[in-house]
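Peer 1: Everything in the sequence shown is counted per UniProt numbering, starting at 1 for the first residue and increasing by one.
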Amino acid sequence: MMEYITYATDTRGRQSASTTPLSPAVSRNNPTVVENILPEGSLSHESSEAQDAELFLTYCNSQPLLLFPCRSSLASLGKRDVELLLAMGAMGARFKDQGVHSKAIQDEIGRKTERACSMVMMRVAAGTVELSTIQTLCILSMLEFTAGHIIRAGSYTGLATHFIRHLKKEGFEKLSNLETERDERKLCYISLIMLQNIHGSLQPPEVGDSLNSLAAPGGWNSLLRTGSTTKAISWGSSGDNKLDIGISGTNVHTSELWALACNYASSHVGVDAHSPWSPRSDYSLINFHHCEHESLMPLRFRLHASRFQDHPPAELQAHRDYWGPWIFFQMVWHAVPCLANHPFLLSMRLRKFRRTMPQSFLRNSFEQLTFHSGWVVHFLELTESKNFEVSDPTIGQCVAIVATIYLQHSFVEDRGFSKKAQMGFEKCLNFLRNMGRRWPHIDRQVGHLEQLRDTVAPGGLTTDGGAPAVSHTHQKWSVNLQLLWKILVYAHASNTSDAAGDIFGPELAKDSVGHSGDPSAGAITERDFSLFGSAGISGHTTVASECVTYPPDQIEDPTQAGSQTSPTLDISGLPDDLSVDFPGSDTLFLQLQDYGRAFEDWLSINPS
């Protein structure tokens with residue numbers, strides 16, 4: 001016979017739990033129905049629940065939410081409330097065996113998530129909310145978001161935020177090194193900020209918000225929105241006196257950069273929008289904060305200083321609480337310019353600038369796109385070579401964004417470039433397939449990308465605008481724009497198509513829109529987005545065909561050697577393929593990691 005938990009209040013105002021028999025005829029979907037899986041406040045190290053909690057601490061704590069002190073063990077957690085242990089177990093169970101590809105594990109996750117939610121709601125109704133309740137809400141938000149229940153995830157985040165705002169937060173206004181932080185209230189507070197940011201477009205950040213804005217009603221945080229706010233949060237300045245707050249503390253700011261990029265991707269661009277190269281545009285804002293964030297990042301977190309590639313796999317695994325956040329920083333930092341320069345997102349911002357788009361913008365955008373997408377694939381190869389399982393689902397979205405870029409470039413006419421792009425797309429897809437065992441929304445992204453690839457179809461021929469003697473005919477390609485945009489917007493990519501599976505009942509589910517509705521391509525047409533088969537945005541109608549990118553004697557693309565009027569992009573030597581071999585034992589080309597090392601050597605020279 002099934003049981004459910006009822007709460008009674010003792011003489012000290014605390015809850016105690018008792019079990020009451022439940023008739024099998026009662027629906028499992030009743031919110032008061034929960035299974036008595038664990039004895040309250042205890043875990044035996046031999047139990048499967050203890051193993052799931054250990055998996056949470058290994059693969060989820062600080063990856064991305066640092067809810068418990070670094071290097072926490074099951075024993076160090078002490079006596080915890082049942083709902084928190086259940087939520088930890090539900091997330092940790094994703095990392096057993098085949099993960100969510102196993103029906104048994106799916107059912108286990110569903111049972112524990114449902115029960116944890118029911119117990120949290122009972123605490124709210126009884127007025128006995130504790131820190132563990134807020135921690136549970138954070139985990140539940142992650143569970144529901146990755147399950148595709150966007151509205152429900154947002155409600156859990158909002159409820160946890162509401163509770164935090166009504167607590168005193170002395171000393172919380174400044175970030176310190178979170179690797180040494182033991183106060184779980186502060187860790188929970190910071191985790192809530194990061195949770196909102198990594199989910200991106202659930203509730204876009206408001207301009208002017210700051211870290212301590214949780215203390216007052218109103219909008220959410222945006223650490224990077226104002227320079228003065230950023231400098232007040234233990235960053236010091238972008239000069240030599242910057243404060244090292246550790247990788248986890250720094251990643252709170254990395255998540256703010258991600259939130260800006262997510263908001264950029266989900267925005268519907270009006271006809272009066274600034275040009276991307278305008279200092280007042282959202283594109284320029286992201287570029288500014290991207291550089292500012294790098295200037296504040298301690299040098300020891302750079303690739304050449306951390307030497308991830310030199311550490312043995314066992315050591316990397318034993319210190320996941322550092323290397324997991326380190327990979328988050330690397331991947332998000334490189335994914336943000338990929339999103340900002342994504343040809344589809346730029347195409348919406350370039351509709352009215354056909355004859356006025358600077359050629360320098362075209363070139364810079366393409367170089368940013370190929371440079372940073374190449375680095376993302378490089379880190380995929382690094383983690384694969386080290387057998388290091390990347391567990392943070394945000395990184396899966398970063399890879400999905402890069403995969404769409406490689407898919408576009410798979411159809412260019414240059415065979416060498418096309419082959420590299422196809423290889424990059426397959427690497428991204430293989431990584432996402434492996435991560436899809438742990439996170440159902442990443443598994444759906446794999447399906448979206450495969451479907452997008454299958455929808456690319458020939459769209460006729462186009463001829464450039466050069467002189468008749470040197471004009472060229474190119475193949476045009478059409479693509480499903482709605483699906484492409486859905487992949488790029490994190491909340492929409494995570495959302496399931498079944499509205500009834502989220503939070504509303506049958507009467508409201510059919511009218512549910514909110515944050516879960518798919519974006520509309522609006523005024524973007526197939527003719528405007530004839531970019532598949534071109535490098536970057538070079539195939540967009542805003543690029544006047546008679547404009548040139550390179551001086552006539554420096555055109556390096558042999559397919560364009562007969563024409564000096566086509567907007568040729570030099571794809572040779574760009575870091576979109578980190579395994580390019582050059583003839584001879586010596587080369588004048590620096591490897592990617594050499595640039596950072598050479599620059600740091602230059603900085604370390606003391607003037608005489």
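Each residue gets a CB set at the ideal place from its N, CA and C atoms; glycine is no exception.
No experiment lies behind these values; they were computed from the predicted model shown.
1. Would you kindly report the start and end of the unbroken alpha helix (DSSP H) that includes V269?
2. Candidates F417, W485, L382 and K420: which alpha carbon is nearest L346's?
3. Please report the Cβ distance between S391 and Q63, rounded to the nearest whole angstrom; I am assuming they are in contact, meaning their Cβ atoms lie under 8 Å.
4. Report the rounded CA-to-CA distance for H274 versus S494, giving the unit in angstroms.
5. If you drop the 5 nearest sequence neighbours on each side, which residues of the same chain put their C-beta closer than 8 Å to that of F361?
6. With a threshold of 7 Å on Cβ separation, who are the neighbours of R71 within its own chain once the five nearest residues in sequence on each side are excluded?
7. Below 8 Å between beta carbons: does that hold for A305 and L299?
8. Straight-line CA distance for G110 to R351?
9. Starting from the Cα of H441, find the closest Cα among H199, W375 and L84 and give me that residue.
10. Using 8 Å for Cβ pairs, my map puts L432 next to Q445. What's the rounded Cβ distance?
11. Just reading off the alpha helix (DSSP H) that G396 is part of, what are its end residues?
12. Looking only at its chain, what residues have a beta carbon closer than 8 Å to the beta carbon of P551, apart from the 5 residues adjacent to it on each side?
13. Which residue or residues does DSSP assign as beta-bridge partners of residue 610?
14. 8 Å is my cut-off, CB to CB: does S62 come that close to chain C?
15. Using only CA atoms, which one of V399, Q408, R415 and E413 lies nearest to K427?
16. Check for me: the alpha helix (DSSP H) holding E389 runs from which residue to which?
17. Just to confirm, is the Cβ distance from H293 to L260 under 8 Å?
18. State the start and end residues of the unbroken alpha helix (DSSP H) segment that holds F68.
19. For F425 and A126, I'd like the C-alpha separation in whole angstroms.
20. For the alpha helix (DSSP H) containing S118, name the first residue and the last one.
21. Given a threshold of 16 other Cβ atoms within 10 Å of its Cβ, counted over all protein chains shown, does S210 qualify as buried or as exposed?
22. Out of G246, A335, L167 and R182, which has the shortest C-alpha to C-alpha gap to F301?
23. Would you identify the three-state DSSP class for P313, choosing helix, strand or coil?
24. Suppose the cutoff is 8 Å on Cβ atoms and the five residues either side in sequence are ignored; what does the same chain contact list for L67 look like?
25. Pick helix, strand or coil for residue 628, following the three-state DSSP scheme.
26. Could you tell me if S365 is buried or exposed, where buried requires 16 or more neighbouring beta carbons within 10 angstroms of its beta carbon?
27. Starting from the Cα of L77, find the closest Cα among F56, A340, Q422 and A160 and give me that residue.
28. Compare the C-alpha of N341 against each of F417, Y264 and F379 and name the closest.
29. Measuring straight from C-alpha to C-alpha, what distance separates S410 and V402?
30. Can you check which of these residues, H448, L369, S102 and K420, is closest to F344 by C-alpha distance?
31. Whole-angstrom Cβ separation of E83 and S132, contact assumed at under 8 Å?
32. Can you name, in chain order, every residue of its own chain whose Cβ lies under 7 Å from the Cβ of I487, other than the five neighbours on each side?
33. Determine the direct distance from the alpha carbon of V129 to that of Y156, and round the result to whole angstroms.
34. Is it the case that the Cβ atoms of V332 and W439 are separated by a distance below 8 Å?
35. Got a sec, what are the start and stop residues for the alpha helix (DSSP H) W439 sits in?
Peer 2: According to the data block:
1. Note, V269: premise wrong, no alpha helix (DSSP H); not H, not E.
2. W485
3. 5 Å
4. 30 Å
5. P276 and W277
6. D321
7. yes
8. 46 Å
9. H199
10. 6 Å
11. P393 to H409
12. Since pLDDT at P551 reaches only 43, below the 50 mark, its modelled position is unreliable, and no value is offered.
13. For residue 610 there is no data in the structure shown, the boundaries of the chain being 1 and 608.
14. The displayed structure is made up of one protein chain only, and chain C is not part of it.
15. V399
16. Where E389 is concerned, there is no enclosing alpha helix (DSSP H), given that its DSSP letter is neither H nor E.
17. no
18. That residue, F68, is in no alpha helix (DSSP H); it is neither H nor E in DSSP.
19. 52 Å
20. K103 to A126
21. For S210, the predicted structure reports a pLDDT of 35, less than 50, and the residue's modelled location is therefore unreliable. A value from the coordinates is still provided. That one is buried.
22. G246
23. helix
24. N61, Q135, C138, I139, E184, L187, C188 and S191
25. Past the boundaries of the shown model lies residue 628; the chain is included only from 1 to 608, so the question cannot be answered.
26. buried
27. F56
28. Y264
29. 12 Å
30. L369
31. 7 Å
32. A400, T404, Q445, H448, L449, L452 and A493
33. 14 Å
34. no
35. Element bounds for W439: n/a, residue is neither H nor E.
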